[in-house]
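As structure tokens, the structure follows; a few thoughts come after it.
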Amino acid sequence: MTSSTALLHGPLLEQTAVFRGNALLLTGPARVGKRDVALAVAAQHNCSGTRGMYGEACGTCPSCRAFAAGAHPDLLLVEPRATTSTGKAARRKLIPIGAILSARDKGREYETHVFEFLEVRPTFRRRVVIVDGAEHLGPEAANALLKLVEEPPHGALFVFLAEDLRSVIPTIVSRSARLSVTPAPDRALERTLALSGEAPDAELVAFAAGRAGVLKDREAVRAALTDAAEFTGALETGLLPALEAAERLEKRWDAAWHPEALRFTWRTQSPHARARADAALDALQAALEAYASPSLSFQVFALNLREAFGEG
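The structure is reproduced here in structure tokens:
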């Protein structure tokens, strides 16, 4: 993990390696690699071996081996819950006060809590708390964290991650050193694929647009790109093939990747056609979120797209 992160974000790791403050705030687009950078930072600040070219962790010392095993005692990752305590999908992302203090976690949603985690001295060098989704911190949680950030027990380090700096509570922003995690060059993504033993994939690299996180889910991305191309091609073939393709797309639909794959496939259309297609896709997503009939929603989507592309 650390070596590939150094390849993609080396200059950034040079800065984090010498950071001696209490809190970092890493901002950047979704899937650009913020979490990987944060994990590399945690590894840096606990490494006891010889650092790499960019100050990245050695990868072989006891601390680095613990990171590699996914069982580092000095790392805590805090993020919004994807499900509620009843097992249902959470409609609103939120990091509550219960993530910070065990006494406030009535539903026992978090196994480890920030306050109690930081009371324990580090096993290696420095306890690190990564808050992935700082824009989702509730006011109570943010206020509880402020006291810990200002005077972290045992010199702990906080690493906050956010897509949009403006969405983070100002008191967190003001107490953190801010760094941007920018998209990596296409060549770096190509080298990352090569290091994984993968053949060159120009379409995947173009779709990723510098976002290293896309490569982690590349099989799902490739499937979504194939589905998008097949569906878009069927729209031009005729009404019946378009409706049949819409039915197939409904069964394979992955909300994480299909919308973006469709927009990527439409990138060669005229601006006017793309705008109308985007509106049709927004309407489909809204219908699905409102629990409308999926079958009917995808049929209407296909009809709207045929009209957008001049096939209706």
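At position 222 of the sequence shown (counting the first as 1) the number is 222 in full-length UniProt numbering, and the numbers step up by one without a gap. The C-beta atom is built at its ideal place from N, Cα and C for all residues, glycine as well. Note that the coordinates shown come from a computational prediction; the quantities given were computed from them, not determined experimentally.
Which of the three DSSP states, helix, strand or coil, is assigned to residue i?
i: Ala-89; result: Note that Ala-89 has pLDDT 48, beneath the 50 cutoff, so the model's placement of it is unreliable and no number is given.
i: Phe-309; result: coil
i: Thr-50; result: coil
i: Thr-19; result: The amino acid occupying residue 19 in the given sequence is Phe; Thr does not appear at that position. Of the three classes helix, strand and coil, the one that applies to Phe-19 here is coil, per DSSP.
i: Ala-30; result: coil
i: Arg-121; result: coil
i: Ile-100; result: coil
i: Leu-76; result: strand
i: Leu-204; result: helix
i: Ser-4; result: helix
Assuming residue i contacts residue j under a Cβ cut-off of 8 angstroms, what Cβ separation, rounded to an integer in Å, is found between them?
i: Leu-118; j: Arg-127; result: 6 angstroms
i: Ala-162; j: Leu-25; result: 7 angstroms
i: Leu-235; j: Arg-306; result: 5 angstroms
i: Val-78; j: Val-131; result: 5 angstroms
i: Ala-42; j: Val-149; result: Contact doesn't hold; Cβ gap of about 16 angstroms is too wide.
i: Glu-247; j: Phe-207; result: Incorrect: roughly 25 angstroms between the Cβ atoms, too far for contact.
i: Pro-122; j: His-154; result: 6 angstroms
i: Leu-101; j: Ala-134; result: About 18 angstroms separates the two Cβ atoms, so there is no contact after all.
i: Ser-295; j: Glu-250; result: 6 angstroms
i: Leu-281; j: Leu-303; result: That belief does not hold up - the Cβ atoms of Leu-281 and Leu-303 are roughly 13 angstroms apart, past 8 angstroms.
i: Thr-192; j: Leu-13; result: Between Leu-13 and Thr-192 the Cβ distance is about 15 angstroms, and since that is not below 8 angstroms, they are no contact.
i: Arg-222; j: Leu-204; result: 7 angstroms
Determine the extent of the alpha helix (DSSP H) in which residue i is found, giving its start and end residues.
i: Arg-252; result: 239 to 252
i: Ser-176; result: Where Ser-176 is concerned, there is no enclosing alpha helix (DSSP H), given that its DSSP letter is neither H nor E.
i: Val-214; result: 212 to 216
i: Val-168; result: Taken as a continuous stretch (DSSP letters only), Val-168 belongs to no alpha helix (DSSP H), as it is neither H nor E.
i: Glu-140; result: 139 to 150
i: His-154; result: Looking at the DSSP string, His-154 is not in any alpha helix (DSSP H), and its letter there is neither H nor E.
i: Ser-293; result: Element bounds for Ser-293: n/a, residue is neither H nor E.
i: Pro-62; result: 62 to 68
i: Thr-265; result: 258 to 265
i: Pro-271; result: 271 to 289
i: Ala-255; result: Segment: none, Ala-255 is in no alpha helix (DSSP H) and carries neither H nor E.
i: Glu-190; result: 186 to 195
Who pairs with residue i in a beta bridge, going by DSSP?
i: Cys-132; result: The sequence given here has Asp at residue 132, not Cys. Asp-132 is bridged to Leu-161.
i: Leu-25; result: Phe-160, Arg-178
For chain B, find out if any of its Cβ atoms is closer than 7 angstroms to the Cβ of residue i; answer yes or no.
i: Ala-199; result: Of the protein chains in this structure there is only one, and it is not chain B.
Margin query: Quick test of the definition: if touching needs 3 or more C-beta pairs under 8 angstroms, does the region 182 to 201 touch the region 45 to 54?
Written below: no
Note to self: Can you confirm whether the region 206 to 226 touches the region 28 to 38 when touching is taken to mean that 3 or more C-beta pairs between the two stretches lie within less than 8 angstroms?
What the structure shows: yes
Note to self: Counting beta carbon pairs with one atom in the region 268 to 288 and one in the region 237 to 250, are three or more of them shorter than 8 angstroms?
What the structure shows: no
Next item on the list: Flag this pair as touching only if the region 36 to 46 and the region 148 to 164 have three or more C-beta atom pairs under 8 angstroms; answer yes or no.
Entry: yes
Margin query: Using 8 angstroms as the cut-off, can you tell me whether the region 165 to 175 makes contact with the region 51 to 68, which would need three or more C-beta pairs spanning the two stretches below that distance?
Written below: no
Next item on the list: Answer yes if the region 54 to 63 comes into contact with the region 92 to 111, meaning at least three C-beta pairs across the two stretches below 8 angstroms, and no otherwise.
Entry: no
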